[in-house]
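Number of protein chains: 2
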Amino acid sequence: MTVTLADVAARAQVSPATVSRVLNGNYPVAAVTRERVLRAVDELDYVLNGPASSLAAATSDLVGILVNDIADPFFGIIAGAAQSAISGQAGAGRCGGEKLAVICNTGGSPERELTYLTLLQRQRAAAVLLTGGALEDPAHIAAMSAKLRKLTAAGTKVVLCGRPPLPADTAFAALAFDNRGGGRRLTEHLLALGHRLIGYVAGPPERTTTRHRLEGHRAALVAAGISGGASDQDRLTLHGSYARRCGYDATAELLRREPALTAIVAANDTVALGACAALRDHGLRVPQDVSVAGFDDLPFAMDVMPALTTVRLPLVEAGARAGRMAMGREGAPPGGIAMVGAEVVVRGSTGVRRG
Amino acid sequence: MTVTLADVAARAQVSPATVSRVLNGNYPVAAVTRERVLRAVDELDYVLNGPASSLAAATSDLVGILVNDIADPFFGIIAGAAQSAISGQAGAGRCGGEKLAVICNTGGSPERELTYLTLLQRQRAAAVLLTGGALEDPAHIAAMSAKLRKLTAAGTKVVLCGRPPLPADTAFAALAFDNRGGGRRLTEHLLALGHRLIGYVAGPPERTTTRHRLEGHRAALVAAGISGGASDQDRLTLHGSYARRCGYDATAELLRREPALTAIVAANDTVALGACAALRDHGLRVPQDVSVAGFDDLPFAMDVMPALTTVRLPLVEAGARAGRMAMGREGAPPGGIAMVGAEVVVRGSTGVRRG
DNA sequence: CTGTTAGCGCATTCAT
DNA sequence: ATGAATGCGCTAACAG
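Residue numbers (our numbering), protein chains in the order written: chain A, 650 to 1004; chain B, 650 to 1004.
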């Protein structure tokens, strides 16, 4: 019923092997023969059987891109850039070299992360790209390390993008965002504006991204000699998800705990937006009464009113570079890991401390 | 080197066939035997070979979700919801039933759209979900129809989400957003506020979404008896991409063409944000001087200042429902197509006409 | 440059 | 309820 490679071979009056060679383009074939085969392919409307091909070749053209939450533009932008870098480079042949870059949405669940890895392992994926912060649960880290090690052993290339390298594993090329440095510089900016009572709406606990940004924040406070003591820092730090709603609720709570607050640093831009909304609802102006800062510099950050002071992460560049690394078009960075910049972008949402 | 099903069979002292049956769970196997096999699987750390399995069974567990631009939360939200609906329903067996729902980013390119479809066809995908507006180029429509017909013929389920059904093709279950109705009601809202000179920053030409929203807009104008003539409508309508930048540039141009403009309708929320920025840069206040309205009701729409009046599309519900339809967990809507609502949400960015 | 020969690892008939 | 045999469609040696 379905047309196979053998049918094409018969039609073109060549052997199946020749058809395969033409299709894969990785072997010398006479120009005339190629034309004949291609014509037969076209006439029969033949489509290669991927599973059969992958089985015989022991590899597939599937590339998996794992993201924590595809509804979040942070991941959408990285994933889109990576996918372009991977799919955009069609090989010389119109059939060969074409990779199927696909995005897998884990929803931040460790189980689904592992499940997707297994599914990709099943498919003998050519490469796997892990994006965004990782969970710090030791058991999960161990499971992930083991799984990734198996994947590489099976010939799958593993690349980390925006995720710190796994402990004791320099085996995987990694691109890490300088969350700590960015977090520190952002708080230094606030300190320079005179702020001393700074609330911090952190991301989900147990995530590397959350921890690093928070560490940077606290390092800046300590360096300025206003650590305020651990208890005070805890009092002004609240954890939540990356949802706008969390920024709103956490800000309300912070205001309750410390009405004299003059600045709020949010886990990311989305959360910062929620914080701004909460402040407005409390009759406070941004930045005259309270300054607000975000993180990531998502596209909308420059368009909200007031425009958000935030930390710009080169999401597109990082995603594209990770994609190239996954394709072997770009070597791993020296030491296996490259730290990509995180630069503070000052806009209207932060200003000098009031009165 | 790599452990196969035969290895597991040997370890469990059963035949390969039995192992296969246990793994697929679609055949009676004695409980004791099953336990023994499962233990062997665990001990050997066996992972099914997807390509081999798909080849033998002539189907795979891959489900493709095609999106125009994954960096746009519009698609991220739909895709995320669809993926959850598809992956979330692990079958009774811990091995079987698990689908690999993957997102394919076409970037709006018709070639890549077809390429992805071919790739998914190669993989013998179980289902394909097409999301978002379609290109109206006749050649591309024909190519898509043909390709989709072949996919269904090969056993792949095709579902359309947020995309109008293909002409003369009731074969594919479709969920369509009421872009025309939403567009019309949005403009009616503006007309009710007294606006008469309304600029329209439309999306990319040749896209169904663009055309439908624009048609709704014009229908409202005509119904109000202020069609203004075709030439006038053309003068106040500008096409561009869905980028924020286009909203900015188009607004500047509209202001040049018609300084007396009192309202602007944008292709979507992102474009509306760009329009707001342009107005501000021209010293105009929103909504006191000019009202602005978006479309989609993305999460940030309620958080910008002033909050955006827009048309809410049930992205999560539609994505999830499409996912269920792709899995055969929900039947196709009567007639093969269901129109999902598009409700105007009035917020601060629109107000009564000035003066 | 091209044809021939073997599997790749699994699902599925048939038997039992 | 389980085992034995067959073939899915293709690629990769190996010849020629």
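We put the CB at the ideal spot given by N, CA and C, even for glycine.
Note to self: Taking 7 Å as the threshold (beta carbon to beta carbon), is B/Ile752 in contact with chain A?
What the structure shows: yes
Determine whether the Cβ of B/Arg771 lies closer than 7 Å to any Cβ atom of chain A. yes
Q.
Using 8 Å for Cβ pairs, my map puts B/Ala730 next to B/Leu947. What's the rounded Cβ distance?
A. Between B/Ala730 and B/Leu947 a beta carbon distance of about 14 Å is seen, past the 8 Å cut, so the two are scored as non-contacting.
Problem set entry | Nearest-angstrom Cα separation, counted from B/Glu747 out to B/Gly740 | Note on B/Gly740: pLDDT 40, under 50, position unreliable in the model; the coordinate value appears next. Separation of B/Gly740 and B/Glu747 (C-alpha to C-alpha, rounded to the nearest whole angstrom) is 6 Å.
Inspect the beta-carbon positions of A/Ala912 and A/Ala924 and report whether they are closer than 7 Å.
no
What are the complete beta strand (DSSP E) segments, minimum 3 residues, inside the segment 898-933 of chain A? 912-915
Whole-Å CB distance - B/Arg862 paired with B/Gly832, under 8 Å assumed:
Rounded to whole angstroms, the Cβ separation of B/Arg862 and B/Gly832 is 4 Å, and the two are in contact under 8 Å.
Just checking: is the beta-carbon of B/Phe723 within a distance shorter than 7 Å of some beta-carbon in chain A?
no
(message) Nearest by alpha-carbon distance to B/Arg660: which of B/Tyr695, B/Arg996 and B/Ala734 is it?
(response) The shortest CA-to-CA distance from B/Arg660 to any of B/Tyr695, B/Arg996 and B/Ala734 is the one to B/Tyr695.
> Which two residues bound the contiguous alpha helix (DSSP H) that contains B/Tyr1005?
Replying inline: With chain B covering only 650 through 1004, there is no way to say anything about residue 1005 of chain B.
Local Cβ density within 10 Å of A/Arg860, reported as buried at 16 or more and exposed below that
buried
**Asked** Any beta-carbon of chain A closer than 7 Å to the one on B/Gly1012?
**Response** No statement about residue 1012 of chain B is possible, as the shown extent of chain B runs from 650 to 1004 and does not include it.
What in chain A is Cβ-close to B/Gly623, meaning under 9 Å?
Shown here, chain B extends from 650 to 1004; a query on residue 623 of chain B therefore has no answer.
What does a CB cutoff of less than 8 Å around B/Gly745 pick up in its chain, not counting 5 residues either side in sequence? With a pLDDT of 48 at B/Gly745, under the threshold of 50, the predicted position of this residue should be treated as unreliable, though the coordinate-derived value follows. Taken in chain order, the residues that qualify are Leu672, Asn673, Gly674 and Asn675.
* Asked: Nearest to A/Arg961 by CA position, among A/Phe723, A/Asn754 and A/Asp930, is which residue?
  -> A/Phe723
Exercise for the section: Could you tell me which residues DSSP pairs with A/Leu815 in its beta bridges? Expected result: None, per the DSSP bridge assignment.
- Start and end of the alpha helix (DSSP H) containing B/Gly832? Asn828 to Ala841 is the span of the alpha helix (DSSP H), which, as asked, contains B/Gly832.
Could you check which residue in B/Val657, B/Arg670 and B/Gly713 has the C-alpha nearest to that of B/Asp691? B/Val657
Counting only beta-carbon atoms, is A/Val657 nearer than 7 Å to chain B? no
task: Using alpha carbons as the reference points, say which of A/Ala956, A/Ala750 and A/Thr755 lies closest to B/Gly756.
output: Of the candidates A/Ala956, A/Ala750 and A/Thr755, the one whose C-alpha sits nearest the C-alpha of B/Gly756 is A/Ala750.
Q) How would you write the range of the alpha helix (DSSP H) that A/Ser709 sits in, first residue to last? A) No alpha helix (DSSP H) holds A/Ser709; DSSP gives it neither H nor E.
Task: Endpoints, the beta strand (DSSP E) within which A/Glu749 is located - done: For clarity, residue 749 of chain A is Leu in the given sequence; the question names Glu instead. Looking at the DSSP string, the run of the beta strand (DSSP E) that includes A/Leu749 is Leu749 to Asn754.
- Which of the three DSSP states, helix, strand or coil, is assigned to B/Ser940? strand
Q. If you compare alpha carbons, which of A/Asp918, A/Leu885 and A/Glu907 is closest to A/Arg894?
A. A/Asp918
- Query: Quick one: complete alpha helix (DSSP H) runs, 4+ long, within the segment 775-805 of chain B?
  - Reply: Contiguous alpha helix (DSSP H) elements confined to the segment 775-805 of chain B occur at 787-802, taking only those with 4 or more residues.
Q. Would you call the segment 776-795 of chain B and the segment 756-768 of chain B in contact, with 3 or more CB pairs under 8 Å?
A. A contact is defined here as three or more CB-CB pairs under 8 Å, and the segment 776-795 of chain B meets this definition with respect to the segment 756-768 of chain B.
**Message:** If you reduce the DSSP assignment to three classes, tell me which class B/Gly985 lands in.
**Reply:** Helix, per DSSP.
Practice task
Can you give me, in chain order, the residues of the segment 968-998 of chain B that have a beta carbon less than 9 Å from any beta carbon in chain A?
Solution key: none
Three or more C-beta pairs closer than 8 Å, one from the segment 925-943 of chain B and one from the segment 839-857 of chain B: is that the case here? yes
Within chain A, the residues that B/Cys925 reaches when beta carbons sit closer than 9 Å
Per Cβ cutoff of 9 Å: Asp952 and Met954.
Under 7 Å, CB to CB, which of the residues in the segment 883-910 of chain A have a partner in chain B?
Those residues of the segment 883-910 of chain A placed with their C-beta closer than 7 Å to a C-beta in chain B are Arg893, ordered along the chain.
Spatial distance of B/Arg812 from B/Tyr765 (CA atoms):
17 Å
Check whether chain A comes within 7 Å of B/Gly699, counting only Cβ atoms and requiring the distance to be less than that. Interface residue (Cβ-Cβ distance to chain A less than 7 Å): B/Gly699 is classified as such.
In chain B, which residues lie with their C-beta within 8 Å of the C-beta of A/Thr651? Ala803
**Report entry** Cβ neighbours of A/Ile714 in the same chain (closer than 6 Å, five flanking residues each side left out)
**Finding:** Ala728, Ala731, Ile752 and Leu778
Taking Cβ positions only, does B/Gln662 come closer than 7 Å to chain A? no
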